[in-house]
Structure formats: structure tokens, C-alpha cells
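K.L.:
I'd like to ask some things about the structure below.
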Amino acid sequence: MIFSLRKDEGKWPFPHAWSCMETSSVMNSVLRKMVCGKKTVSSKSTIQALQDRGLLDELGNLTETGRVYALSKCSLRIQCELLGLPLSQITLLREGQRPEFDVLADYCKRGWQGCFTEGGIIFVLLYCIWYDLFCTHVMQEKDCDRETAEASFQHNVFGNFLGRSPESINKLLAEIDSVDQDTVRHNFLKVQSKNTDTWFPYGFYGITETLVMACFQMLGRKSIKAIAKVYLLDDYFSKGWPDLLLVKGNQLKHIEVKTLDKLHISQLIVLPVIIKAGELDVTIVKVKRV
4 MIFSLRKDEG KWPFPHAWSC METSSVMNSV LRKMVCGKKT VSSKSTIQAL
54 QDRGLLDELG NLTETGRVYA LSKCSLRIQC ELLGLPLSQI TLLREGQRPE
104 FDVLADYCKR GWQGCFTEGG IIFVLLYCIW YDLFCTHVMQ EKDCDRETAE
154 ASFQHNVFGN FLGRSPESIN KLLAEIDSVD QDTVRHNFLK VQSKNTDTWF
204 PYGFYGITET LVMACFQMLG RKSIKAIAKV YLLDDYFSKG WPDLLLVKGN
254 QLKHIEVKTL DKLHISQLIV LPVIIKAGEL DVTIVKVKRV
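Structure, rendered in C-alpha cells:
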């Protein structure tokens, strides 16, 4: 079950819009059966109520919004089954404040290197690939020299640079094909040195030069470009990424950590799309801490 990058009527709504969509237990039961492909007999009033909310079409079938919403009402096991995501369960000693730190520590004990960034490392990688383009843009916009431009850098330069124009997007995508490895490494070290009290280590826990370069090399330009295209066309897809990125030898995997919760709306939309675009290895780990 793969959802589209963008809906016919526009971008995906952000979480607050979904939370306003109230449905009864009867409606939720109908939706769960439908998304699992089970036959269901519903009253006309229930069908009408679901259609009024945009969850069913005029023929009584789930809309794309309806499929996402119905999935959000399913258990984690069923969510993973329907999305084709591996689900593993582990028990760990409670050592860190958050379960993500305990899972990361467990993998590190087994020889993995990793970071807890919820996709932030992909943002940083793209930022380093496009650093020189962003710098040139700021220099032209502010009529300043490079040193001044670099000093004024903020992460929102993404939106400032893009303006969501196809021309800008094409320029950024082309840069992925041409940028060399040494430039990416050099830009990362520069970005890291300028953000030691914000992104590193507080915003993006555990990001290192080794991990960023491993992403660049192991994902490859084709996958990075496909991910970037998704990322740039709809900013919804900058959210909902797996918690952890792990590297060991020639293996690169993404881990989403769950305890008692399920995949939330943004993950149900984002994960299938980015997995397909970047051919990513994503596993859901349900952890019990004792």
C-alpha cells in the first residue's frame, strides 16, 4: 500500500487538521475492516458520515485520505503488515531518558554507529550538498561577500532559496549529480563548526562526519536525488522519518522506535513514499524497557 506524493487536491494536511476529524467507534470499526480488505455491511447514515468527512468516495470506497485515517485506527502490527514494514520486538534495560537512546545504545554495542535525528541527518546531508548554492543565493540577495553570507546562514534558507519554484528545484537536483565527495565533507565540517550549540549535538544527536559521508556514499546519488525530489515538492515529507539511522560495514538502516504507541499520521504518509523513493531499509522496533 503506497500513498502518492501529492494528492489531487493539493498537499497533505498537517496533523492538526486530522485531529479535527472526529469519528465514532462504529465509523472506526468500518474503516479498519475496509482498509484490511474485509467485507463490511454499514448503515446508510454511517456511509454518509464517512463520505461527508472525505474518507469515502461517492461509490463507498476509501479515498486516499480515508486509507491513511483508517490505518491510523489500526494496531501497530496491522499497520506494519499493510505497509510491508518489518516489525521486531526487544526488551532492554531502562538506562536513557528516552527509549530511542536505549535502542541506539543497544545497536552500538553490536558494532553499529548511529544517530538519533528523526531524519535530520538527511536534512544535514542535503544542506551540505547545496551549501555553496545557498551561499551564492544569500550573497546575491543581500549583496554581500561570502563570509557575511555564511555568517547569516539559517536552516530556513531552504524555503528562502526555493520559493517552491520548479527552476530552483531543478538547480538543486542537478547539484546532487555534480557535487563531489570532498566538497560535501568540507561543507559538513564548516556547518558543524558554525552550529556547535544548536544542531550539534542538541538538535541532531550523534551526527558525525563518518555518518554523513556514509549516507552520501551508501545511498548513492540516485537515491539521494529521489529523496530530495520528494523533500522539495512537499515540505510535509521533511517530517515523519524514522528515529535512528545506523551504519555498519556496507549496511545502512533506519529504525523507528515504538513503545506503546502506533505509527502516527505523518509516518503513515511519509514512510511508504520515502522508502520507495530512496529504496530505504526501514524497520519498526517495539521496545519494552524494564
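Residue numbers (the numbering used here): 4 to 293. Where a beta carbon is used, it is the ideal one built from N, C-alpha and C, also for glycine. Computed from a prediction, not measured in an experiment: that's the story for all the values here.
1. Using only the alpha-carbon positions, how far apart do I227 and V44 sit?
2. Ignoring anything shorter than 3 residues, give me the beta strand (DSSP E) runs that lie fully in the region 114-159, in order along the chain.
3. Roughly how far, in whole angstroms, is the beta-carbon of P245 from the beta-carbon of I258, given that I think they are within contact range, below 8 Å?
4. Which of the three DSSP states, helix, strand or coil, is assigned to Q270?
5. Considering only the beta carbon of each residue, do P102 and T286 sit closer than 8 Å?
6. Say whether the region 134-143 touches the region 258-276, bearing in mind that this needs 3 or more beta-carbon pairs closer than 8 Å, one atom from each stretch.
7. According to DSSP, is S91 part of a helix, a strand, or is it coil?
8. Where do the N-terminal and C-terminal ends of the alpha helix (DSSP H) with L249 fall, by residue?
9. Going by DSSP, what residues sit across from K261 in a beta bridge?
10. What does the alpha-carbon distance come out to for the pair Q143 and D183?
11. Return the Cβ separation of L53 and V71 in integer angstroms, given the expectation that the two are a contact with Cβ distance under 8 Å.
12. Please state whether DSSP places Q100 in a helix, a strand or coil.
13. For the region 90-99 against the region 56-72, do three or more pairs of beta-carbon atoms, one drawn from each stretch, fall closer than 8 Å, so that the two count as touching?
14. Does K265 pass the burial test, meaning 16 or more other C-beta atoms within 10 Å, or should it be called exposed?
15. Using only the alpha-carbon positions, how far apart do K242 and V260 sit?
16. Going by C-alpha distance, which of L249, Q220 and Y134 is nearest W115?
17. Taking all protein chains shown into account, decide if E150 is buried (16 or more other Cβ within 10 angstroms of its Cβ) or exposed.
18. Straight-line CA distance for M24 to R56?
19. Figure out for me which residue from V106, G122 and H267 has the closest Cα to the Cα of W21.
20. In the DSSP assignment, the alpha helix (DSSP H) including E341 goes from what residue to what residue?
21. How about I124 and F207: are their beta carbons less than 8 Å apart?
P.N.:
Quick answer:
1. Translated into positions along the sequence shown, residue 227 becomes position 224. Translated into positions along the sequence shown, residue 44 becomes position 41. Looking at the two C-alpha atoms, the distance is approximately 45 Å.
2. Segments of the beta strand (DSSP E) lying fully in the region 114-159: 116-119.
3. On the sequence shown, position 242 is the one that residue 245 refers to. On the sequence shown, position 255 is the one that residue 258 refers to. The pair is a contact, with the Cβ atoms about 6 Å apart (cut-off 8 Å).
4. Taking the sequence shown and counting its residues from 1, one reaches residue 270 at position 267. The three-state reading of DSSP puts Q270 in helix, counting H, G and I together.
5. If you number the sequence shown from 1, residue 102 lands on position 99. If you number the sequence shown from 1, residue 286 lands on position 283. No, these two residues do not count as a Cβ contact at 8 Å.
6. With contact defined as three or more Cβ pairs closer than 8 Å, the region 134-143 and the region 258-276 are not in contact.
7. Position 88 of the sequence shown, counted from the start, is the residue given in the question as residue 91. Three-state result, S91: strand.
8. Taking the first residue of the sequence shown as 1, we reach residue 249 at position 246. DSSP places L249 in no alpha helix (DSSP H) but in the uninterrupted beta strand (DSSP E) bounded by L247 to K251.
9. Within the sequence shown, numbered from 1, the residue matching residue 261 stands at position 258. According to DSSP, which records beta bridges pairwise, K261 is partnered with K289.
10. Walking along the sequence shown from the start, residue 143 turns up at place 140. Walking along the sequence shown from the start, residue 183 turns up at place 180. Rounded to the nearest angstrom, the gap between the Cα atoms of Q143 and D183 is 24 Å.
11. For this step, residue 53 is matched to residue 50 along the sequence shown. For this step, residue 71 is matched to residue 68 along the sequence shown. Between L53 and V71 the beta-carbon gap is near 14 Å, outside 8 Å, which marks them as no contact.
12. Numbered from its first residue, the sequence shown carries residue 100 at position 97. If DSSP states are grouped into helix, strand and coil, Q100 belongs with coil.
13. The answer is no - the region 56-72 does not touch the region 90-99, with fewer than three Cβ pairs under 8 Å.
14. As a first step, residue 265 is located in the sequence shown; it is residue number 262 there, counting from the start. Using a 10 angstroms sphere on the CB of K265, the tally of other CB atoms reaches 16 or more, which defines it as buried.
15. As a position in the sequence shown, residue 242 is number 239, starting the count at 1. As a position in the sequence shown, residue 260 is number 257, starting the count at 1. Going from the Cα of K242 to the Cα of V260 covers about 15 Å.
16. Here residue 115 refers to the residue found at position 112 of the sequence shown. For W115, the nearest C-alpha among the options comes from L249.
17. Residue mapping note: residue 150 aligns to position 147 of the sequence shown, counting from 1. Classification of E150: exposed, given that the 10 Å Cβ count is below 16.
18. Stepping through the sequence shown from its first residue, residue 24 is reached at position 21. Stepping through the sequence shown from its first residue, residue 56 is reached at position 53. Going by C-alpha positions, M24 is about 7 Å away from R56.
19. Taking the first residue of the sequence shown as 1, we reach residue 21 at position 18. Of the residues V106, G122 and H267, the one whose Cα lies closest to the Cα of W21 is H267.
20. Because the chain in this structure spans residues 4 to 293, residue 341 falls outside the shown range and cannot be described.
21. As a position in the sequence shown, residue 124 is number 121, starting the count at 1. As a position in the sequence shown, residue 207 is number 204, starting the count at 1. Their beta carbons are under 8 Å apart, which means I124 touches F207 by this criterion.
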